[in-house]
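This report concerns only the one structure given below.
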């Protein structure tokens, strides 16, 4: 079945450690997105990518990095510079643009906790 | 920064009643509007999308859009306990060559027996 796979579902990070969240899609979608959600809050955009080898910062990019070397993959690295990384991370993708009526697909999310 | 505002709730309605969820947005240039339902610990799922002024109905759900007032709402008729969730309003933001969604903080709906 086509979809978005995020891994791991649960991840624990020690202080000062970098961690990478994986996001893979087999939907042949062009655009991919990373959102962060804190408890009781909406989704905030971290980074997004419209095409391979190109990505842009979202509203809360500080302390995060991404790459888009393949169309199917958009990993997110949470660096030690991100001082409060404990949150639910969601990866999403879409074929074209939001305004064209295309459906956004979300992965199942990854829970990151600092220990 | 472009904003999407929602009342955080909780909004409590009895089973079988109509639940009314509201959302306002700041960017007059927004063209596409979405309602997502999110159960605790799960990823959001799309309930409705609406692109033009007026009402759009899909089963028990009706989305209403008023671009002049920068207001979008979601009505849930015959509310069921399974409708208890957080409802997120999202608005598209076409910036340059990119398109992205801005989300509200969500309204928590509780359907009581």
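Residue numbers (the working numbering), protein chains in the order written: chain B, 5 to 119; chain D, 20 to 132. Idealized CB from N, CA, C, for every residue including glycine.
Checklist entry - Quick one: is residue 86 of chain B buried, meaning 16 or more other Cβ sit within 10 Å of its Cβ, or exposed? => result It counts as buried.
Q: Measure the alpha-carbon distance for residue 92 of chain B versus residue 114 of chain B and round it to whole angstroms.
A: The alpha-carbon of residue 92 of chain B is positioned some 6 Å away from that of residue 114 of chain B.
Is it true that the region 51 to 70 of chain D meets the region 82 to 91 of chain D, where meeting means three or more beta-carbon pairs spaced less than 8 Å apart? As far as the Cβ criterion goes, the region 51 to 70 of chain D touches the region 82 to 91 of chain D, which means the pair count is three or higher.
- Within chain B, the residues that residue 30 of chain D reaches when beta carbons sit closer than 9 Å: In chain order: nothing, as chain B lies at least about 14 Å away.
TODO: Mind checking who residue 106 of chain D pairs with in its DSSP beta bridge?
DONE: Residue 106 of chain D has D:56, D:126 as its beta-bridge partners, per DSSP.
Assuming residue 27 of chain D and residue 124 of chain D are in contact, meaning their beta carbons sit under 8 Å apart, how far apart are those beta carbons, in whole angstroms?
Right, their Cβ atoms sit about 6 Å apart.
With a floor of 3 residues, list each beta strand (DSSP E) that falls wholly inside the region 41 to 94 of chain D, ordered by position along the chain. Taking only runs of at least 3 residues, the beta strand (DSSP E) segments lying wholly in the region 41 to 94 of chain D are 52 to 57, 64 to 69, 73 to 77, 80 to 85.
For this session: Would you mind telling me which residues of chain D sit closer than 7 Å to residue 107 of chain B, beta carbon to beta carbon, in chain order?
Result: Counting only Cβ-Cβ distances below 7 Å, residue 107 of chain B has contacts in chain D at 65, in chain order.
Residue 146 of chain B versus B:55, B:73, B:47, B:63, residue with shortest Cα-Cα distance
Lying outside 5 to 119, the shown extent of chain B, residue 146 of chain B is not represented and no answer is given.
- Message: Counting only Cβ pairs nearer than 7 Å, list the residues of chain B close to residue 123 of chain D.
- Response: Taking a Cβ-Cβ cut-off of 7 Å, the neighbours of residue 123 of chain D in chain B comprise 46, given in sequence order.
- What's the gap between the Cα of residue 9 of chain B and the Cα of residue 68 of chain D? In a straight line, the C-alpha of residue 9 of chain B is about 24 Å away from that of residue 68 of chain D.
Helix, strand or coil for residue 79 of chain B? Go by DSSP, reduced to three states.
In the structure shown, residue 79 of chain B falls within a coil segment according to DSSP collapsed to helix, strand and coil.
For the beta strand (DSSP E) holding residue 33 of chain D, just list the boundary residues, first then last. It spans 30 to 33 - the beta strand (DSSP E) in which residue 33 of chain D sits, taken as one unbroken run.
- Query: Counting contacts by CB-CB distance shorter than 8 Å, is residue 112 of chain B in contact with chain D?
  - Reply: Residue 112 of chain B has a beta carbon lying within less than 8 Å of a beta carbon in chain D.
Considering only C-alpha positions, which residue in the set B:7, B:64, B:97 is nearest to residue 40 of chain B? Checked all of B:7, B:64, B:97; the closest Cα to residue 40 of chain B is B:64.
CB contact check: residue 52 of chain B to chain D, cutoff 8 Å: Using a CB distance cut-off of 8 Å, residue 52 of chain B counts as an interface residue toward chain D.
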